[in-house]
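Asker: Dropping a structure here in structure tokens format, bear with me for questions.
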């Protein structure tokens, strides 16, 4: 049966990838020196992991929910306003219900493109590999991933999956087998709130990872160290000061992992793709590790017992202090802020790592502690993150309650425009630029500022402008528009222009507007009038009779430009 | 020849100065130089000055024909007659703060258009502002601006591949507030927006507004810089503006600061045809005037700001030798009530005067100063003499020489707005005062019969209209013989009340207010 290697179908990518991968890092060139702390003011944060004890305002609540899901709605503010952080976390840190599988919504009769194996509207997650259809299936898988996020309610699950995908990625295009991509997604979903060690164990023998980092082709005669290296450098240990694995350790790790490969027949036939341990390809010699691992030796085993070496390897890696710290740093840079100061290393990362180890790599206790900590709610942290393209686009979608696809069949049509729009501003679903994830989460010294350059900010602004005014093009002739009036109706006190702006800022912006910016928005909302009651009157007239088209037009002609300028504010890009 | 095609013709003839010289009467010399200037400079510019809040027209251009009547209905805000700036040979005067505008008028560089409004005046700021910005009927709901649609007609592909070689500069620039409806097309906005005066200078200096202290502020600073640098036209505007290193002094006021930027951008060679600036504070329900001296107070300050801003603007344009290709226009969402409030102010009204200014202005005035009888009550409003869309259409046609792309300005798609002369016809009429219709009407008030006479050439039409704009009778339609042409007619069949006579000849329209007793 034919093997498939990572990137083998590169020549087909342009046929499906409507937006070529955007290299955000390149544009910054070398003008920025490394090693400089970009935001030294973060050092002023003295709070650590102790529980936050200040007043838990709506701004704190919005901060928490935006960080652990995508955007926030007024409904969520109202629902959780009176609840404790623990109650909120009980609700959010919990796997959500079943989301239907991705289906064949890619048949195109006009182009004579009909997938004979998968009937229209049926799931393709077990479909045999078919070069003709994998590209389309992957696009459908990506729009399905977007649909999941947009449909998710009051759960951190989708954010956790993104966290893992950014941390432990495969690239769907490189793998190019849709059912393997789906399987990888489900593996991350299954372990999203679970145990890090279990996750790494499953990932190591996952067909997606076996292809992406070529573990499937690592055998005793022709070793391939790709996965062995990343397992330590990127996934479990990192390259910080506390990490000391050697090149020899990588070599021996690769030897331990020889024999894990893919059952190619399951790829080319209908059914679940499988991996297995092939003793014949396994390196049966002893594996000697360095002092960093306590000079541990993993005894080589013959036959099926060779598979046990993997568990021994993971026990060894996970017994290092650095492993838990590495995970803690990943959590911090994703959920708190991309830059880790020396202070945060000592007062947040290390105690967090201790919690992780005390709980045998079950991650929930550490996440809970982090999301309840005084550090997490420090005023230098609230609003300091630049929204990634998911948070920006899909968060906006959810906050405004934009229209959703009615069925899995509609997903592709509705969300493909979103997929490429997000790709254009630096983040294509399921395809980070490389195995290290999206650079803003690790690239010194710019970090999350990498998301914003003159091109991406113009595109972000075009998105919000067109959503507010003319409609954002989803595909062909299909446009979507934000119902600003409906959004405003959900706010607490929309007839007061000050409350309207502040409450909208709470939902949409990372921090409240400064006085100059606030006045700018208000001036637009009031069309330059000095008295608040002109807005109040216009709003109440509309509320009194929503069928009054003139009253509605008057309100819309104020709200649209007001939201346009509000969403053009720098603070819109923060969370 | 129609005025519009005439101006077009002029523009085409500019390449052959010899030909013009052949026509030339001595007096043409200065005008030809001007026209040549026009040809070598870049394109024409229209600057719209929005007087936000509803300007009190009756205290801006004050009718003098019945001052005591005016005094009796608006005692709380009336300006003392001896302080008014009388306009010679007319029956109106300017507010004492408008000294420079008066001198522009005298130099025939400013035109007064009396009583501009629209049928079924809406008294809401928001709605009326939308109507003025969109150029709609009062019961038509639009969310695009008249200039936005004008630009959309001319630039259907915008913003794809803009800026480009042919159109390297912003199509419109507005200062103050965010994007107004004025420059919104149906699919896209056409203006470069400078949210405030500051953001212009920040653009020049590559600086941004002050940010909160701390790491969050540091991110805001960074994002603002990126946003500024991403402005499609930011660099063009910046590099262009940097060429201008000297400007004549401008007053340090909201309007002065905005017009200073506009003048600088025009002088820099920026080929942007449309600018919008904004002067707020005209919503004078109370304390419009100083109680002890009506020539002082809030409204006076606003008008002085207007006066000083426009004058400084004109002088700076002259200094940079670009005055001949710039026209300006003031507008406001409505005038204010005839009858004043005891609190020293005035409530939302209807028609009000507009100023159109610039070296190429037609000058003098259109229509006639409002007639006040002294019997007006609170609900009474000044009837309109000109629809604001006539002024828009005239400017687009006569200044931008554009007929084909004049946007729809009514839900009645066949509706056309009669033009009024706003731009000087420089070849036929360079320095002589315009021959006016010089309408004479008597007696007024009318008992049974009346006579109207005026100077006309060719076709003329006289309509009798009631105060709600309904056509009652076409009194005359045909070739107006005689000089002056004269017509006797009867009003016996009409009940006592107010009426309007509409006199249309060629492309001018004037109205006469008639009172039947």
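Protein chains in written order, with the numbering used here: chain A, 34 to 608; chain B, 10 to 526.
Idealized CB from N, CA, C, for every residue including glycine.
CA-CA distance, residue 265 of chain B and residue 248 of chain B?
Answerer: Taking the second chain and counting its residues from 1, the one referred to as residue 265 of chain B is at position 256. Taking the second chain and counting its residues from 1, the one referred to as residue 248 of chain B is at position 239. Each residue's Cα considered, the two are about 22 angstroms apart.
Asker: Is there a C-beta anywhere in chain B that falls below 8 angstroms from the one on residue 542 of chain A?
Answerer: Counting from 1 along the first chain, the entry for residue 542 of chain A is found at position 509. Not an interface residue.
Asker: Apart from the five residues just before and just after residue 157 of chain B, which ones in its own chain have a Cβ nearer than 6 angstroms to its Cβ?
Answerer: Taking the second chain and counting its residues from 1, one reaches residue 157 of chain B at position 148. Excluding sequence neighbours, residue 157 of chain B sits near 192, 193, 194, 199.
Asker: From which residue to which residue does the alpha helix (DSSP H) around residue 511 of chain B run?
Answerer: Here residue 511 of chain B refers to the residue found at position 502 when the second chain is read from its first residue. No alpha helix (DSSP H) contains residue 511 of chain B, which is instead part of the beta strand (DSSP E) from 506 to 514.
Asker: Identify the contact partners of residue 96 of chain B in chain A, using a Cβ-Cβ distance below 8 angstroms as the criterion.
Answerer: Looking up residue 96 of chain B in the second chain gives position 87. Simply none; closest approach about 30 angstroms.
Asker: Under the assumption that residue 314 of chain B contacts residue 288 of chain B (Cβ atoms under 8 angstroms), give the Cβ distance between them as a whole number of angstroms.
Answerer: Taking the second chain and counting its residues from 1, one reaches residue 314 of chain B at position 305. Taking the second chain and counting its residues from 1, one reaches residue 288 of chain B at position 279. Yes, they are in contact, since the Cβ atoms of residue 314 of chain B and residue 288 of chain B sit about 6 angstroms apart, within 8 angstroms.
Asker: When the Cα of residue 297 of chain B is compared with those of B:349, B:274, B:140, which residue comes out closest?
Answerer: Position 288 of the second chain holds residue 297 of chain B. Ranking the options by Cα distance to residue 297 of chain B, first place goes to B:349.
Asker: Is DSSP giving residue 447 of chain B helix, strand or coil here?
Answerer: As a first step, residue 447 of chain B must be located in the second chain, where it is residue number 438. Note: residue 447 of chain B maps to coil in three-state DSSP.
Asker: Would you say residue 291 of chain B and residue 341 of chain B are within 8 angstroms of each other, going by their C-beta atoms?
Answerer: What you label residue 291 of chain B is simply residue 282 of the second chain in a count that begins at 1. What you label residue 341 of chain B is simply residue 332 of the second chain in a count that begins at 1. A contact, by the Cβ cut-off of 8 angstroms.
Asker: Quick one: any contact between the stretch 376 to 390 of chain B and the stretch 420 to 428 of chain B, if contact means 3 or more CB pairs under 8 angstroms?
Answerer: Touching, no.
Asker: From this set, B:471, B:252, B:319, which residue's C-alpha is nearest residue 483 of chain B's C-alpha?
Answerer: Here the question's residue 483 of chain B lines up with position 474 in the second chain. Looking at the Cα atoms, B:471 is the closest of the given residues.
Asker: With DSSP collapsed to three states, give me the class of residue 527 of chain B.
Answerer: Lying before the first or after the last residue shown, residue 527 of chain B is absent from chain B, which here runs from 10 to 526.
Asker: Does residue 595 of chain A pass the burial test, meaning 16 or more other C-beta atoms within 10 Å, or should it be called exposed?
Answerer: Position 562 of the first chain, counted from the first residue, corresponds to residue 595 of chain A. So residue 595 of chain A counts as buried.
Asker: To the nearest angstrom, how far is the alpha carbon of residue 387 of chain B from that of residue 346 of chain B?
Answerer: If you number the second chain from 1, residue 387 of chain B lands on position 378. If you number the second chain from 1, residue 346 of chain B lands on position 337. Spanning the two alpha carbons is a distance of roughly 7 angstroms.
Asker: What does residue 547 of chain A touch in chain B if you count any residue whose Cβ is under 7 angstroms from its own?
Answerer: Numbered from its first residue, the first chain carries residue 547 of chain A at position 514. Simply 221.
Asker: If you count every other CB in all the chains shown that lies within 10 Å of the CB of residue 130 of chain A, and 16 or more means buried, which is it?
Answerer: Position 97 of the first chain, counted from the first residue, corresponds to residue 130 of chain A. Counting Cβ neighbours within 10 Å, residue 130 of chain A comes out exposed, since fewer than 16 surround it.
Asker: Please name the residue, chosen from B:309, B:419, B:335, B:137, that lies closest to residue 409 of chain B on a Cα-to-Cα basis.
Answerer: The sequence position of residue 409 of chain B within the second chain is 400, counting from 1. Looking at the Cα atoms, B:335 is the closest of the given residues.
Asker: Starting from the C-beta of residue 694 of chain A, find all residues in its chain whose C-beta is less than 7 angstroms away, skip the five residues before and the five after it, and write them out in chain order.
Answerer: What the structure shows of chain A is the stretch from 34 to 608, and residue 694 of chain A is not part of that stretch, so it cannot be assessed.
Asker: Assign residue 48 of chain A to buried or exposed, taking buried as 16 or more other Cβ atoms, counted over all protein chains shown, within 10 Å of its Cβ.
Answerer: Here residue 48 of chain A refers to the residue found at position 15 of the first chain. Exposed, because fewer than 16 other Cβ atoms sit within 10 Å of the Cβ of residue 48 of chain A.
Asker: Can you tell me where the alpha helix (DSSP H) holding residue 584 of chain A begins and where it ends?
Answerer: Residue mapping note: residue 584 of chain A aligns to position 551 of the first chain, counting from 1. Counting along the chain, the alpha helix (DSSP H) containing residue 584 of chain A begins and ends at 582 to 601.
Asker: Just the C-alpha distance for residue 330 of chain A and residue 417 of chain A, rounded to the nearest angstrom, thanks.
Answerer: Start at 1 with the first residue of the first chain, and residue 330 of chain A comes out as number 297. Start at 1 with the first residue of the first chain, and residue 417 of chain A comes out as number 384. Between residue 330 of chain A and residue 417 of chain A, the C-alpha separation is close to 45 angstroms.
Asker: Can at least three beta-carbon pairs, one atom from the stretch 249 to 261 of chain A and one from the stretch 213 to 230 of chain A, be found at a separation below 8 angstroms?
Answerer: Contact fails: fewer than three Cβ-Cβ distances are below 8 angstroms.
Asker: Could you confirm whether any beta carbon from chain B is found closer than 8 angstroms to the beta carbon of residue 482 of chain A?
Answerer: Start at 1 with the first residue of the first chain, and residue 482 of chain A comes out as number 449. Interface residue, yes.
Asker: Quick check: is the beta carbon of residue 476 of chain A nearer than 8 angstroms to any beta carbon in chain B?
Answerer: If you number the first chain from 1, residue 476 of chain A lands on position 443. For residue 476 of chain A, the answer is no, since every Cβ of chain B falls outside 8 angstroms of its Cβ.
Asker: Only counting the same chain, and skipping five residues up and downstream in sequence, which positions put a Cβ closer than 6 angstroms to that of residue 226 of chain B?
Answerer: Counting from one through the second chain, the residue named residue 226 of chain B turns up at place 217. Result list for residue 226 of chain B: 220, in chain order.
Asker: With a Cβ-Cβ cutoff of 8 angstroms, do residue 201 of chain A and residue 404 of chain A count as a contact?
Answerer: In the first chain, residue 201 of chain A corresponds to position 168, counting from 1. In the first chain, residue 404 of chain A corresponds to position 371, counting from 1. Taking 8 angstroms as the Cβ cut-off, residue 201 of chain A and residue 404 of chain A do not qualify as a contacting pair.
Asker: Could you check whether residue 135 of chain A and residue 157 of chain A sit closer than 8 angstroms to each other, using their CB atoms as the reference points?
Answerer: Taking the first residue of the first chain as 1, we reach residue 157 of chain A at position 124. Taking the first residue of the first chain as 1, we reach residue 135 of chain A at position 102. It is a contact, given that the beta carbons lie within the stated cut-off.
Asker: Distance check for residue 239 of chain B and residue 494 of chain A, CA to CA, integer angstroms please.
Answerer: Mapped onto the first chain, residue 494 of chain A falls at position 461. Mapped onto the second chain, residue 239 of chain B falls at position 230. In a straight line, the C-alpha of residue 494 of chain A is about 10 angstroms away from that of residue 239 of chain B.
Asker: Between which two residues does the alpha helix (DSSP H) containing residue 245 of chain A stretch?
Answerer: Along the first chain, one-based indexing puts residue 245 of chain A at 212. Unbroken alpha helix (DSSP H) run through residue 245 of chain A: 240 to 245.
Asker: Short of 8 angstroms in beta carbon distance, which residues of its chain neighbour residue 286 of chain B, apart from the five on each side in sequence? Order them along the chain.
Answerer: Position 277 of the second chain, counted from the first residue, corresponds to residue 286 of chain B. Excluding residues within five positions, the ones whose Cβ falls inside 8 angstroms are 56, 57, 58, 59, 183, 184, 185, 264, 267, 268, 271.
Asker: From the beta carbon of residue 227 of chain B, is the nearest beta carbon of chain A less than 8 angstroms away?
Answerer: If you number the second chain from 1, residue 227 of chain B lands on position 218. By this cut-off, residue 227 of chain B is an interface position.
Asker: In this structure, does DSSP put residue 210 of chain A in helix, strand or coil?
Answerer: Residue numbering aside, residue 210 of chain A sits at position 177 when the first chain is read from its first letter. Residue 210 of chain A: coil per DSSP, three-state reduction.
Asker: Starting from residue 246 of chain B, follow the alpha helix (DSSP H) in both directions and report where the run begins and ends.
Answerer: Position 237 of the second chain, counted from the first residue, corresponds to residue 246 of chain B. First-last of the alpha helix (DSSP H) with residue 246 of chain B: 243 to 250.
Asker: Expressed to the nearest angstrom, what Euclidean distance is found between the alpha-carbon atoms of residue 487 of chain B and residue 460 of chain B?
Answerer: Along the second chain, one-based indexing puts residue 487 of chain B at 478. Along the second chain, one-based indexing puts residue 460 of chain B at 451. Near 17 angstroms, if we compare the C-alpha coordinates of residue 460 of chain B and residue 487 of chain B.
Asker: For the structure I just gave you, are there three or more beta carbon pairs, one from the stretch 136 to 151 of chain B and one from the stretch 451 to 460 of chain B, closer than 8 angstroms?
Answerer: Touching, no.
Asker: Give me the chain A residues within the contact set of residue 62 of chain B, using Cβ-Cβ distance strictly less than 9 angstroms, ordered along the chain.
Answerer: Taking the second chain and counting its residues from 1, one reaches residue 62 of chain B at position 53. Within chain A, the residues near residue 62 of chain B are 561, 562, 563.
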